[in-house]
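Enquirer: So for the sequence shown, UniProt numbering puts the first residue at 1; every next one is plus one.
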Amino acid sequence: MNQMSIWRKDQWFGNIRGDVLAGITATLALIPDSLAFSFIAGVSPMVGIYASVCILLVTTFLGGRPGMISAAAGSMAVLMTHLVAEHGIQYLFAATILTGILQYLMGILKLGRWMSFVPNAVITGFINALAILIFLSQLKNFSGESWPMYVVVGVTLLIIYVLPRFFKKIPSPLVAVGMMTVVVLLLGWQTKSVGDLANITPTLPSFFIPDIPWNLSTLWIILPYSLSLAVVGFTETLLTQDIVDEMTGVQTNKNKEMVGQGAANVVTGFFGGMAGCALIAESAINIKLGGKTRLSTLVAAVALLLLAVVFGPLLNYIPMAALVGVMLMVCIEIFDWKYLGRIHKVPRSEAFVMIVTVGIVVYTHDLAIGVLVGVLLSVLLFAHKTSKIQISREELQGGDALYKVKGPLFFVSSSKLQDEIGLGGTSDHVSIDLSEAPVMDHSAGLALDKIVNRLEQNGKSVRIIHAAESGSR
């Protein structure tokens with residue numbers, strides 16, 4: 001996708017009705033998330049809303065993945081808590097700007113290619129863990145609530161799943177939230193609303209420079225936080241992009257997306273927002289409800305801004321129970337139920353990696369740590385699997401010995417080769433056939449040198465046949 005392709009007609013007007021409705025519906029999921037992530041970071045609810053609006057607007061025009069929702073993110077919010085508590089919100093805005101600069105450089109340096117090293121089992125674990133975390137995060141909304149809460153949640157889910165069988169012109173989650181808001185107001189049911197959790201102040205975000213000392217001391221304070229935020233945002237954004245690419249069947253430019261994400265966080269920091277990244281749940285809902293082009297994310301940004309600034313008082317009346325119903329629908333939709341159904345057919349190592357990834361993420365509430373552990377575990381299991389080389393010994397005429405090796409030689413498997421050959425037995429001449437054993441790394445080459453030196457020190461002549469890296473002897 002080239003730079004000018006964003007201005008093509010099909011990038012904006014190829015699916016107007018679907019994009020508009022999907023974008024508005026995605027906003028319903030962004031509202032509780034933006035509020036919750038603000039609480040996690042220890043900042044005003046408007047900081048999360050401003051961040052979501054700014055990030056959505058910038059990535060709409062500069063991002064590489066049309067239809068992907070980027071906004072304030074819980075995985076990044078948890079990294080901000082200590083910074084805000086210790087140094088104040090102005091330092092958070094500065095850290096957000098620096099995070100954006102670092103992510104912009106990641107895109108320029110084309111680091112997106114590294115995401116190809118993340119196995120499918122880890123991506124599946126990432127998705128399923130996120131579904132579980134969203135589900136668990138909704139349980140607190142039931143605390144202290146009476147029967148109307150459960151009724152509204154249940155009816156919301158009923159409308160979401162039954163209405164599409166008879167009427168599809170308007171996304172069912174949008175209809176459900178609207179209907180439940182009217183029902184709760186008319187019947188006077190006592191259940192929490194958005195206004196009970198946060199005061200939505202109807203003000204537009206404005207440009208300002210963070211009120212901090214712009215010196216090296218400040219840099220050393222915010223740099224560790226910005227590095228962490230940049231890496232977590234990089235990981236979650238590109239994993240989400242992989243998933244959305246697979247859902248749409250269209251491959252998009254990861255490096256361009258990181259450039260766009262970086263620019264978005266820089267802008268966000270100057271408009272009083274917190275750093276954010278792509279969101280898998282909202283992105284999946286946007287795509288599934290028909291959001292395909294950049295128009296859908298633009299509509300989501302404008303809808304969120306209008307809800308907060310123009311219709312703030314009305315937003316306060318939306319029952320949290322209806323939004324909980326929408327979020328539970330998100331959990332159901334993004335969880336990979338098909339994988340669960342065929343898990344008995346999946347290689348045990350892959351299933352193990354997926355389960356461990358889910359467990360780590362749910363335990364730590366940190367998607368980045370779970371993905372990192374999952375990747376490292378996959379590497380270890382792959383190394384163990386490929387280390388099982390075959391070594392056979394043949395006695396040749398004249399008492400010579402021939403060792404035939406099959407399988408890749410690297411830092412794990414080369415130790416087995418040393419143990420098998422040992423001192424070469426009683427043969428005076430030893431040949432090692434590596435025609436079917438490529439030498440994969442420097443450790444394997446050193447191991448071969450050690451084998452040859454040991455045999456020669458014991459008075460034997462040695463010949464290496466077709467050694468890929470160490471040459472013939």
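For glycine and all other residues, C-beta sits at the position ideal for the given N, C-alpha and C. All of these numbers come straight from a predicted model, not from anything done at the bench.
Go to Y403, then tell me how far its beta strand (DSSP E) extends in each direction, as first and last residue.
Expert: For the purposes of this step, residue 403 is taken as the residue at position 403 of the sequence shown. First-last of the beta strand (DSSP E) with Y403: 401-406.
Enquirer: Could you have a look at E145 and say whether DSSP puts it in helix, strand or coil?
Expert: What you label residue 145 is simply residue 145 of the sequence shown in a count that begins at 1. In this structure, E145 counts as coil in the three-state DSSP scheme.
Enquirer: Whole-angstrom Cβ separation of T235 and A368, contact assumed at under 8 Å?
Expert: Position 235 of the sequence shown, counted from the first residue, corresponds to residue 235. Position 368 of the sequence shown, counted from the first residue, corresponds to residue 368. About 5 Å; that satisfies the 8 Å criterion.
Enquirer: Find the nearest neighbour of K416 within the set T386, L396, A301, V356, judged by alpha-carbon distance.
Expert: As a first step, residue 416 is located in the sequence shown; it is residue number 416 there, counting from the start. The candidate whose alpha carbon is nearest that of K416 is T386.
Enquirer: Quick one: grab the DSSP three-state call for P319.
Expert: Locating residue 319 in the sequence shown gives position 319, where the first residue counts as 1. Residue state, collapsed to three classes: strand.
Enquirer: Could you have a look at H365 and say whether DSSP puts it in helix, strand or coil?
Expert: As a position in the sequence shown, residue 365 is number 365, starting the count at 1. In the structure shown, H365 sits in coil (DSSP, three-state: anything other than H, G, I, E or B).
Enquirer: Which runs of the beta strand (DSSP E) at least 3 residues long sit entirely within the region 54-111? Give them in chain order.
Expert: Correct list: 70-72.
Enquirer: Let's test the definition: count the other Cβ atoms within 10 Å of the Cβ of T203 and tell me whether it reaches 16, buried, or not, exposed.
Expert: Counting from one through the sequence shown, the residue named residue 203 turns up at place 203. Result: exposed.
Enquirer: Taking one C-beta from the region 315-324 and one from the region 335-347 each time, how about it: are there three or more such pairs within less than 8 Å?
Expert: Touching, no.
Enquirer: Buried or exposed, going by whether 16 or more other CB atoms sit within 10 Å of the CB of Q457?
Expert: On the sequence shown, position 457 is the one that residue 457 refers to. Exposed: under 16 other Cβ atoms inside 10 Å.
Enquirer: Leaving aside the five residues before and after A308 along the sequence, list all residues of the same chain whose C-beta is less than 8 Å from its C-beta, in chain order.
Expert: As a working note, residue 308 is residue 308 in the sequence shown. Closer than 8 Å at Cβ, skipping near neighbours: M46, I49, V53, I200, P202, L315.
Enquirer: Three-state secondary structure (DSSP) at L157?
Expert: Reading the sequence shown from its first residue, position 157 is the one you call residue 157. If DSSP states are grouped into helix, strand and coil, L157 belongs with the helices.
Enquirer: Three or more C-beta pairs closer than 8 Å, one from the region 219-232 and one from the region 184-193: is that the case here?
Expert: Segments in contact, no.
Enquirer: Per DSSP, what kind of secondary structure is Q418 in: helix, strand or coil?
Expert: Your numbering for residue 418 matches position 418 in the sequence shown. Reduced to three states, the DSSP call for Q418 is helix.
Enquirer: Tell me whether P213 is buried or exposed, calling it buried when 16 or more other Cβ atoms sit within 10 Å of its Cβ.
Expert: Here residue 213 corresponds to residue number 213 of the sequence shown, with the count starting at 1. Result: exposed.
Enquirer: Give the C-beta separation of L157 and M329 to the nearest angstrom, bearing in mind that I take them to be a contact with Cβ-Cβ under 8 Å.
Expert: Looking up residue 157 in the sequence shown gives position 157. Looking up residue 329 in the sequence shown gives position 329. Their Cβ separation, rounded to whole angstroms, is 6 Å, which keeps L157 and M329 in contact under 8 Å.
Enquirer: Please state the DSSP three-state secondary structure of D433.
Expert: Here the question's residue 433 lines up with position 433 in the sequence shown. Of the three classes helix, strand and coil, the one that applies to D433 here is strand, per DSSP.
Enquirer: Hey, T293 and G14: beta-carbon distance below 7 Å or not?
Expert: What you label residue 293 is simply residue 293 of the sequence shown in a count that begins at 1. What you label residue 14 is simply residue 14 of the sequence shown in a count that begins at 1. In contact: T293 and G14 (Cβ atoms closer than 7 Å).
Enquirer: Reducing DSSP to helix, strand and coil, say where L219 ends up.
Expert: Residue 219 sits at position 219 when you count from the first residue of the sequence shown. Of the three classes helix, strand and coil, the one that applies to L219 here is helix, per DSSP.
Enquirer: Per DSSP, R463 forms a beta bridge with which residues?
Expert: Numbered from 1 along the sequence shown, position 463 holds the residue referred to as residue 463. S431.
Enquirer: Whose C-beta lies closer than 7 Å to the C-beta of Y91 among residues of the same chain, with five residues either side of it excluded?
Expert: Start at 1 with the first residue of the sequence shown, and residue 91 comes out as number 91. Within the same chain, Y91 has close Cβ partners L83, I212, I221, I222.
Enquirer: Per DSSP, I391 is paired with what?
Expert: If you number the sequence shown from 1, residue 391 lands on position 391. Answer is V405, bridged to I391.
Enquirer: Rounded to the nearest angstrom, how far is the Cβ of I465 from that of S435, given a contact under 8 Å?
Expert: Taking the sequence shown and counting its residues from 1, the one referred to as residue 465 is at position 465. Taking the sequence shown and counting its residues from 1, the one referred to as residue 435 is at position 435. Indeed, because the Cβ distance is near 6 Å, the residues count as touching under 8 Å.
Enquirer: DSSP beta-bridge partners for C277?
Expert: Residue numbering aside, residue 277 sits at position 277 when the sequence shown is read from its first letter. Beta-bridge pairing links C277 to A71.
Enquirer: Report the rounded CA-to-CA distance for R113 versus Q103, giving the unit in angstroms.
Expert: Mapped onto the sequence shown, residue 113 falls at position 113. Mapped onto the sequence shown, residue 103 falls at position 103. Roughly 14 Å between the two C-alpha positions.
Enquirer: For Q3, which three-state DSSP category applies?
Expert: Along the sequence shown, read from residue 1 onward, the residue named residue 3 stands at position 3. Interpretation of Q3 is limited by its pLDDT of 44, a score under 50 that renders its predicted location unreliable; the figure taken from the coordinates is listed afterwards. Here Q3 sits in helix by DSSP.
Enquirer: Spatial neighbours of R17 within its chain, please: CB distance less than 7 Å, with the 5 preceding and 5 following residues excluded, ordered by chain position.
Expert: As a position in the sequence shown, residue 17 is number 17, starting the count at 1. Answer for R17: no residue qualifies.
Enquirer: So P173 is in the alpha helix (DSSP H); what residue range does that whole segment cover?
Expert: By one-based count along the sequence shown, residue 173 stands at place 173. Taken as a continuous stretch (DSSP letters only), the alpha helix (DSSP H) holding P173 covers 172-187.
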